[in-house]
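Structure, as structure tokens:
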Amino acid sequence: MVCYQRPLTTTQKYFCHKAPFYWAFFNINLDYKGLLYCYDYNFTMENLPKNIEIIIDNDPKDYEANGVLRKLINFFLIPILNRLPSKLFLSSSKKAIAVYKHATTHKALEIIYSFDNKLNFEKGILDGFFTYFWQKTNNAKALRNRLKLVKKELKKAIHSFNKRDLRILNLACGSNRAVIEVVGEHKDNFDFEVFAVDKSISAIEDAQKLAFSFDIAHLLKTHQSTISEFLDKSKNIKFDIVEMVGFLDYVEDNKAILLFNQIYSVLTDNGIFITGNIKDNSERKFVTEVVGWPKLIFRNETDLINLLMNSKFKSSKIKIIYEPQNIHGVIICRK
Numbered sequence: 000m001v002c003y004q005r006p007l008t009t010t011q012k013y014f015c016h017k018a019p020f021y022w023a024f025f026n027i028n029l030d031y032k033g034l035l036y037c038y039d040y041n042f043t044m045e046n047l048p049k050n051i052e053i054i055i056d057n058d059p060k061d062y063e064a065n066g067v068l069r070k071l072i073n074f075f076l077i078p079i080l081n082r083l084p085s086k087l088f089l090s091s092s093k094k095a096i097a098v099y100k101h102a103t104t105h106k107a108l109e110i111i112y113s114f115d116n117k118l119n120f121e122k123g124i125l126d127g128f129f130t131y132f133w134q135k136t137n138n139a140k141a142l143r144n145r146l147k148l149v150k151k152e153l154k155k156a157i158h159s160f161n162k163r164d165l166r167i168l169n170l171a172c173g174s175n176r177a178v179i180e181v182v183g184e185h186k187d188n189f190d191f192e193v194f195a196v197d198k199s200i201s202a203i204e205d206a207q208k209l210a211f212s213f214d215i216a217h218l219l220k221t222h223q224s225t226i227s228e229f230l231d232k233s234k235n236i237k238f239d240i241v242e243m244v245g246f247l248d249y250v251e252d253n254k255a256i257l258l259f260n261q262i263y264s265v266l267t268d269n270g271i272f273i274t275g276n277i278k279d280n281s282e283r284k285f286v287t288e289v290v291g292w293p294k295l296i297f298r299n300e301t302d303l304i305n306l307l308m309n310s311k312f313k314s315s316k317i318k319i320i321y322e323p324q325n326i327h328g329v330i331i332c333r334k
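Residues in the sequence shown are numbered consecutively from 0, following numbering that gives the first Met the number 0.
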């Protein structure tokens with residue numbers, strides 16, 4: 000499924016502003032710039048390179064998607080979520096407090112990743128109910144979908160190389176569950192060397208613990224450093240796969256382009272770079288103001304492609320895949 004964009008017609012403006020169910024039910028997303036994003040087959044984005052694939056991976060077996068009933072509920076629910084006082088969210092459950100406390104960090108992501116889609120009343124009926132409630136919001140689902148999508152693309156990347164020895168670079172390694180799980184699943188069939196980089200010692204320690212739980216701690220080489228510093232010092236080391244998911248959402252455009260070029264330089268020939276970015280969505284205020292993630296940089300398909308086109312990566316070797324909520328895009332670039 001390929002994405003294209005076009006300006007809103009007068010009729011579409013009416014429906015999108017006066018009747019949000021129009022886009023809620025027909026998978027149309029209105030962003031803050033007044034563009035209508037529709038998804039259909041056999042289209043490419045206007046005024047952008049035609050050879051860049053932009054896909055929504057909406058296989059119902061693999062991801063958390065919204066059915067018709069949930070979309071109807073969201074029509075009434077999301078405006079309420081966006082106006083919730085932050086204190087009310089914090090009082091809802093202990094895990095909500097933890098997510099708020101660790102907002103933007105790997106610790107908050109782990110709370111969302113570890114949700115098992117079940118009601119849990121161990122800490123009380125209200126706590127269990129409200130934890131389930133906010134874990135079923137679109138953005139929480141989208142984060143778990145992103146994890147599944149990144150794992151899927153990592154597996155494809157690993158099997159695309161005609162060799163057993165693979166060197167993987169995991170940047171901003173606090174949120175490295177995808178890399179750790181995939182390497183753990185394939186450790187008997189490949190000889191991995193995994194470099195994990197983060198400036199936070201806490202993130203590195205948690206990455207090591209996760210690696211230990213998947214019996215791959217011996218494959219992990221950790222480096223406490225900023226990403227730019229590590230890449231600058233590691234010009235002579237080449238990596239088959241570089242994964243940097245969960246970090247680009249906080250990086251300004253100019254710095255992002257510099258990072259892309261640094262990453263391009265450390266990739267082997269035909270090496271693969273996997274990253275991602277959040278896009279504007281109907282729960283934006285809930286995420287930034289209520290949950291407390293105010294520094295997110297929202298980028299749509301056009302924004303991402305413009306960044307990539309200003310880097311060394313070639314358009315013919317770039318693909319952007321969105322999970323079914325159409326919130327998180329995963330970018331795959333081959334050198």
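We treat Cβ as the ideally placed atom computed from N, Cα and C, and that holds for glycine.
Owing to the predicted nature of the structure, the values given are computational and were not obtained by experimental measurement.
Pairwise C-alpha distance: residue j and residue i
i	j	result
P323	I54	10 Å
L170	A195	6 Å
E184	Y62	20 Å
I51	A141	23 Å
K254	S113	32 Å
E180	F238	19 Å
V98	A206	18 Å
N119	F132	11 Å
F25	L68	Residue placement at F25 is poorly supported in this model, since its pLDDT is 41, which falls under 50; the coordinates still yield a value, given next. F25 and L68: Cα-Cα distance of roughly 13 Å.
F129	N161	48 Å
F75	K284	15 Å
L80	L146	24 Å
T221	K49	39 Å
I331	S315	11 Å
E282	N73	10 Å
D56	I326	12 Å
V290	F88	7 Å
K86	L295	21 Å
T103	D187	34 Å
K154	K318	16 Å
Residue i (DSSP reduced to helix, strand or coil)
i	result
Q324	coil
D248	helix
I55	strand
A195	strand
V67	helix
V1	Confidence is the limiting factor: at V1 the pLDDT is only 38, short of 50, which leaves the residue's position unreliable, though a coordinate-based value still follows. V1 falls in the strand class under three-state DSSP.
N50	coil
L80	helix
F213	coil
F285	helix
F189	coil
D205	helix
K32	For K32, the pLDDT reaches just 35, beneath the cut-off of 50, and the residue's location in the model is therefore unreliable, although a value from the coordinates is still provided. Note: K32 maps to coil in three-state DSSP.
I296	coil
K318	strand
Limits of the unbroken beta strand (DSSP E) element including residue i
i	result
H185	Where H185 is concerned, there is no enclosing beta strand (DSSP E), although the alpha helix (DSSP H) it sits in stretches over R176 to H185.
F238	F238 to M243
N-terminal and C-terminal residue of the alpha helix (DSSP H) that residue i is part of
i	result
L219	No alpha helix (DSSP H) holds L219; the beta strand (DSSP E) holding it covers L219 to Q223.
N305	E300 to M308
L266	Run containing L266: none in the alpha helix (DSSP H); it sits in the beta strand (DSSP E), L266 to I277.
D231	I226 to K232
For this session: Give a yes or no on contact between the stretch 104-111 and the stretch 161-176, applying the rule of three or more CB pairs nearer than 8 Å.
Result: yes
Exercise. Is there contact here, the stretch 219-233 with the stretch 266-276, by at least three beta-carbon pairs under 8 Å?
Worked result: These segments do not touch.
Problem set entry | Start-end ranges of the beta strand (DSSP E) lying completely within the stretch 84-172, minimum 3 residues | 164-170
Exercise. Any contact of the stretch 250-268 with the stretch 186-195, i.e. 3+ C-beta pairs under 8 Å?
Worked result: No, the stretch 250-268 is not in contact with the stretch 186-195.
Exercise. Can at least three beta-carbon pairs, one atom from the stretch 126-137 and one from the stretch 198-213, be found at a separation below 8 Å?
Worked result: no
For this session: Flag this pair as touching only if the stretch 86-94 and the stretch 113-126 have three or more C-beta atom pairs under 8 Å; answer yes or no.
Result: yes
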